[in-house]
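Working notes for the structure below.
Chains as they are written, first to last, in our numbering: chain A, 483 to 842; chain B, 28 to 350.
What follows is the structure, encoded as structure tokens:
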């Protein structure tokens with residue numbers, strides 16, 4: 483009983499700790515960086531559930547990210563007017579800026595925070611339903627069909643969002659006719675002026691939940707089934723593993739977290755742009771997963787941190803130009819020299835355990 | 028209405044011929060090695076760029092919107108072989124360096140490597156001292172006289188030439204695969220590489236040959252594409268990715284691994300795209316939204332339908348996997 487509560491409680495405490503400490507002492511740079519890194523971790527760990535655990539190959543993760551982001555954006559932008567008449571002020575936990583800019587009368591936990599939690603979950607569910615629709619036809623089949631269907635899915639989402647009409651400024655929106663205006667939100671500039679709720683607390687809360695889910699999944703019955711499908715689908719099926727069902731399950735879980743990552747992106751940056759979330763974005767997440775090790779949760783986290791922060795650290799013009807060439811070479815060489823990625827299926831703690839000579 | 032119909036038909040035939048040529052490259056590699064060669068669309072893009080660079084080497088180039096030298100007619104017989112040569116060689120190099128070391132690796136690894144190669148070609152091509160990041164206009168290689176006119180649609184030489192050239196290449200491939208020793212070896216390898224090698228077929232050489240063949244077709248298609256749609260986008264442009272995806276979908280629809288299926292699939296996708304885009308004009312009262320915007324969506328929809336109804340494709344037979 484205590485053990486099962488312990489980890490979620492730790493996640494909550496860490497999220498509060500990160501939010502409190504960084505918000506208290508930072509001038510805004512680290513809040514931004516840590517948000518981007520946190521979202522990259524959610525994306526990498528969730529994609530790892532499909533690409534690493536079940537050995538399927540999805541390259542449309544950015545599509546789910548866009549779906550979640552645009553749904554969350556619409557809910558926050560139009561919904562807050564519909565439900566609250568005005569933008570609900572974020573409480574302490576949803577405060578996205580350094581604390582010295584905080585209004586001293588701020589509430590600890592407002593109705594807006596609860597609203598944002600609901601928005602995140604609905605963005606996740608929306609992406610999960612999309613994942614089910616994409617996964618059902620393509621995961622029944624063996625082979626690489628998922629790859630091509632997910633690429634197509636990502637492109638369709640991008641085209642549909644880009645071709646929808648321009649957004650309506652908030653000033654023209656009132657409660658009487660508000661609902662009619664929700665139809666169009668696409669433009670070349672992206673979807674802007676989304677109310678900001680995505681604070682470090684929320685980002686790291688969901689980072690923790692994603693990592694916890696992935697690790698618990700990996701060592702559960704379901705996770706064993708995923709791994710068996712990856713090793714040999716025919717053998718797994720012969721042992722009574724219902725492969726289609728498990729593959730779809732993994733895919734839907736992965737899409738769910740990608741949708742939440744979209745909601746966090748939209749509400750932490752205040753803007754989301756489907757044009758930027760095209761095929762290249764999906765590929766970047768794939769590179770993180772492959773580099774970190776397909777099937778290793780901690781490897782994915784490490785790779786996400788390194789590959790997101792490295793370009794920031796080496797902000798030279800030349801590096802930006804050669805970054806993708808470097809990624810491509812890394813992909814090819816890792817595949818030829820270390821076929822399971824740098825970490826393989828092992829976790830960081832497995833490496834240390836072996837070094838001490840204790841076999842788990 | 029008839030004008031629109033014939034215009035769409037002509038467009039679809041031209042585009043379909045190009046899709047079919049690219050789809051053949053995908054389907055041949057899939058038939059022999061069983062993975063999606065993601066780098067194929069980039070080889071195609073490099074074919075188009077080779078065509079452009081060779082023509083400017085021959086003196087044909089576009090400066091300030093007008094062509095410096097009028098085409099003399101024989102350039103095309105140098106430009107297309109140059110692109111074919113470069114792309115065939117490139118495909119061979121890719122196969123040797125990236126795919127050959129992974130012959131016995133899991134399929135997922137080969138797929139990821141293919142994506143890596145694709146990424147590499149795109150971004151190296153994008154460097155300022157290779158092709159650069161700006162789209163460039165393709166000079167005219169031949170005059171484009173009016174051939175005839177049906178129902179107000181002017182049919183010029185270029186689309187006709189594209190269709191005919193593509194047809195000739197496809198017939199050539201058909202002869203090569205079904206009526207020569209190499210073709211028989213290729214079909215044997217695609218059925219079962221282990222048994223084929225026991226029968227004395229040099230599997231490695233056959234696989235190399237398949238890649239060279241696919242690359243050469245992509246090179247020819249690249250030049251034809253650049254002549255038909257004379258703005259050559261930068262190598263990392265979305266255009267190439269989408270083209271490659273559609274060609275791959277064409278291969279899947281025709282039954283992946285099936286040469287004739289890929290040809291039919293290419294035309295099918297092109298028809299769907301062109302007539303889907305014009306649907307609003309065909310049924311003005313019924314369809315109220317702008318159908319041209321969703322041009323690229325239709326083929327993905329048909330892919331989903333095919334995967335649900337006939338996963339083996341229109342002409343493929345479903346194979347039961349045995350252990």
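Ideal Cβ positions, reconstructed from N, Cα and C, are used throughout, including at glycine.
Endpoints, the beta strand (DSSP E) within which residue i is located
{"i": "residue 181/B", "result": "180-183"}
{"i": "residue 176/B", "result": "173-177"}
Terminal residues of the alpha helix (DSSP H) in which residue i lies
{"i": "residue 558/A", "result": "No alpha helix (DSSP H) holds residue 558/A; DSSP gives it neither H nor E."}
{"i": "residue 524/A", "result": "511-530"}
{"i": "residue 829/A", "result": "No alpha helix (DSSP H) contains residue 829/A, which DSSP labels as neither H nor E."}
{"i": "residue 50/B", "result": "29-60"}
{"i": "residue 597/A", "result": "593-621"}
{"i": "residue 706/A", "result": "703-713"}
{"i": "residue 88/B", "result": "First-last for residue 88/B: undefined, no H or E at that position."}
{"i": "residue 630/A", "result": "627-645"}
{"i": "residue 148/B", "result": "134-152"}
Residue i, DSSP secondary structure in three states
{"i": "residue 657/A", "result": "With a pLDDT of 46 at residue 657/A, under the threshold of 50, the modelled position of that residue is not reliable, and the figure given next carries that caveat. Three-state DSSP puts residue 657/A in coil, outside helix and strand."}
{"i": "residue 754/A", "result": "strand"}
{"i": "residue 283/B", "result": "coil"}
{"i": "residue 691/A", "result": "helix"}
{"i": "residue 93/B", "result": "strand"}
{"i": "residue 583/A", "result": "helix"}
{"i": "residue 258/B", "result": "strand"}
{"i": "residue 108/B", "result": "helix"}
{"i": "residue 65/B", "result": "coil"}
{"i": "residue 839/A", "result": "Only weak support exists for where residue 839/A lies, its pLDDT of 49 falling under 50; the value from the coordinates is given anyway. Of the three classes helix, strand and coil, the one that applies to residue 839/A here is coil, per DSSP."}
{"i": "residue 822/A", "result": "coil"}
{"i": "residue 344/B", "result": "coil"}
{"i": "residue 488/A", "result": "helix"}
{"i": "residue 163/B", "result": "strand"}
{"i": "residue 673/A", "result": "strand"}
{"i": "residue 358/B", "result": "Not covered by the structure: residue 358/B. The range shown for chain B is 28 to 350."}
{"i": "residue 119/B", "result": "helix"}
{"i": "residue 273/B", "result": "helix"}
{"i": "residue 103/B", "result": "helix"}
{"i": "residue 760/A", "result": "coil"}
{"i": "residue 336/B", "result": "helix"}
{"i": "residue 288/B", "result": "helix"}
{"i": "residue 665/A", "result": "Only weak support is given to the placement of residue 665/A: the predicted model assigns it a pLDDT of 45, under 50, and the value that follows is read from those uncertain coordinates. Three-state result, residue 665/A: helix."}
Close-in-space but distant-in-sequence residues of the same chain around residue i (CB under 8 Å, 5 per side omitted)
{"i": "residue 171/B", "result": "183, 184, 185"}
{"i": "residue 926/A", "result": "Given a span of 483 to 842 for chain A in the structure shown, any question on residue 926/A remains unanswerable."}
{"i": "residue 822/A", "result": "775, 776, 777"}
{"i": "residue 728/A", "result": "536, 704, 707, 708, 711"}
{"i": "residue 607/A", "result": "738, 741"}
{"i": "residue 730/A", "result": "614, 617, 618, 621"}
{"i": "residue 290/B", "result": "47, 50, 51, 197, 281"}
{"i": "residue 754/A", "result": "548, 551, 552, 555, 672, 673, 676, 744, 747, 748"}
{"i": "residue 145/B", "result": "65, 66, 68, 69"}
Beta-carbon proximity list for residue i, same chain, < 6 Å, skipping 5 on both sides
{"i": "residue 697/A", "result": "779"}
{"i": "residue 659/A", "result": "Note that residue 659/A scores a pLDDT of 44, beneath 50, so its modelled location is shaky; the value from the coordinates is reported in the next line. Cβ within range, chain order: n/a, list empty."}
{"i": "residue 839/A", "result": "A caution first: residue 839/A carries a pLDDT of 49, below 50, which makes its placement in the model unreliable, though a value can still be read off. So the list is empty, once near-sequence residues are dropped."}
{"i": "residue 115/B", "result": "239, 242, 243"}
{"i": "residue 830/A", "result": "780"}
{"i": "residue 661/A", "result": "With a pLDDT of only 42 at residue 661/A, under 50, the local geometry of the prediction cannot be trusted, and the value read off the model is given with reservation. Here the set comprises nothing."}
{"i": "residue 343/B", "result": "282, 285"}
{"i": "residue 783/A", "result": "523"}
{"i": "residue 640/A", "result": "756, 760"}
{"i": "residue 545/A", "result": "635, 636, 639"}
Sequence-distant residues of its chain with Cβ nearer than 7 Å to residue i (five each side left out)
{"i": "residue 268/B", "result": "68"}
{"i": "residue 308/B", "result": "31"}
{"i": "residue 41/B", "result": "186, 189, 190, 255"}
{"i": "residue 134/B", "result": "61, 62"}
{"i": "residue 813/A", "result": "769, 772"}
{"i": "residue 719/A", "result": "725"}
Closer than 7 Å: residue i CB and nearest the ligand MG heavy atom
{"i": "residue 260/B", "result": "What this structure holds is no ligand at all, so the ligand MG is not there to describe."}
Any C-beta of chain E under 8 Å from that of residue i
{"i": "residue 778/A", "result": "The structure shown contains no chain E; the protein chains it does contain are A and B."}
Problem set entry | Chain-ordered residues of the stretch 111-143 of chain B with a beta carbon less than 9 Å from chain A | 124, 125, 128, 129, 132, 133, 134, 135, 136, 137, 138, 139, 140, 142, 143
Exercise. Taking any Cβ of chain A, which residues in the stretch 329-347 of chain B have a Cβ under 8 Å from it, in chain order?
Worked result: 330, 331, 334, 335, 338
Exercise. What alpha helix (DSSP H) runs, 4 residues minimum, are completely inside the stretch 195-250 of chain B?
Worked result: 208-218, 220-225
For this session: Would you list, in chain order, the members of the stretch 813-836 of chain A that have their beta-carbon closer than 7 Å to a beta-carbon of chain B?
Result: 813, 814, 817, 818, 821
For this session: Please name the residues in the stretch 272-299 of chain B whose beta-carbon is closer than 8 Å to at least one beta-carbon of chain A, in chain order.
Result: 272, 275, 276, 279
Exercise. In chain order, what residues of the stretch 44-66 of chain B put their CB closer than 7 Å to some CB of chain A?
Worked result: 62, 63
For this session: Quick one: which residues of the stretch 148-176 of chain B get their C-beta closer than 9 Å to a C-beta of chain A? List them in chain order.
Result: 148, 149, 150, 151, 153, 154, 155
Problem set entry | the stretch 761-790 of chain A: positions lying closer than 9 Å to chain B by Cβ | 761, 762, 765, 768, 769, 772, 776
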